Amino acid sequence: MENDSNKKKICFITTYMADENSNMNNNLRGRVPKGLTLNKSFGNYDFYLFTNIKNFSLPNWTSILLSNDFLDKQIKVNSNTKIKKNVYRSRYPKFMGWKYLKEVMNKDYDI
Numbered sequence: 003m004e005n006d007s008n009k010k011k012i013c014f015i016t017t018y019m020a021d022e023n024s025n026m027n028n029n030l031r032g033r034v035p036k037g038l039t040l041n042k043s044f045g046n047y048d049f050y051l052f053t054n055i056k057n058f059s060l061p062n063w064t065s066i067l068l069s070n071d072f073l074d075k076q077i078k079v080n081s082n083t084k085i086k087k088n089v090y091r092s093r094y095p096k097f098m099g100w101k102y103l104k105e106v107m108n109k110d111y112d113i
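Under our numbering, the letters of the sequence shown match residues 3 to 113, in that order.
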């Protein structure tokens, strides 16, 4: 049997980003994207949903609201850039979510 001191602290991170007035955002309210539904939490894991949509949540995920201004600063995008910003915005939590959890939320995970 595994010793408690050998257990890894594990979290799962997902993102959902949309423009506040986009059809995607309006159509999403009341629906859960496939693959993100957790009927219940399992194991000793934490589940974090990073989003820029106010009042958006998923069952059994801890929602973390990030402003577009914060995300744009992190990904170094200005208002004149002609790119699909929400694609880039979603990448920050996917690749740097550990940093946000550690520095802002004081959470430390092994994986």
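Heads up, the beta-carbon is just placed ideally off N, CA and C, and yes, glycines get one too.
Just so it is clear, the structure is predicted and the values come from calculations on it, not from any experiment.
- Query: To which residues of the same chain is Met-57 closer than 7 Å at the C-beta, ignoring the five residues directly before and after it?
  - Reply: According to the sequence as given, residue 57 is Asn; it is not Met. Counting only Cβ-Cβ distances below 7 Å, and skipping sequence neighbours, we find nothing.
- May I ask which residues mark the beginning and end of the alpha helix (DSSP H) holding Asp-48? From DSSP, Asp-48 is part of no alpha helix (DSSP H) but of the beta strand (DSSP E) over 47-53.
- Ignore the nearest five residues each way along the sequence and tell me which others in Cys-13's own chain have a CB closer than 8 Å to its CB. Contacts found: Tyr-47, Asp-48, Phe-49, Tyr-50, Leu-103, Lys-109, Tyr-111 and Ile-113.
- Query: Expressed to the nearest angstrom, what Euclidean distance is found between the alpha-carbon atoms of Met-3 and Lys-9?
  - Reply: Note that Met-3 scores 44 on pLDDT, short of 50, meaning its location in the model is unreliable and no value can be drawn from it.
- Item | Residue range of the unbroken beta strand (DSSP E) whose run includes Tyr-111 | According to the DSSP assignment, Tyr-111 belongs to no beta strand (DSSP E), since it is labelled neither H nor E.
- Message: Distance check for Gly-45 and Leu-67, CA to CA, integer angstroms please.
- Response: 25 Å
- Continuous beta strand (DSSP E) stretch holding Phe-14: start and end: 12-18
- Have a look at the DSSP bridge pairing and note the partners of Ser-65. Leu-51
- Message: I believe Asn-70 touches Arg-91 by the beta-carbon criterion, under 8 Å. Please report the beta-carbon distance rounded to the nearest angstrom.
- Response: 7 Å
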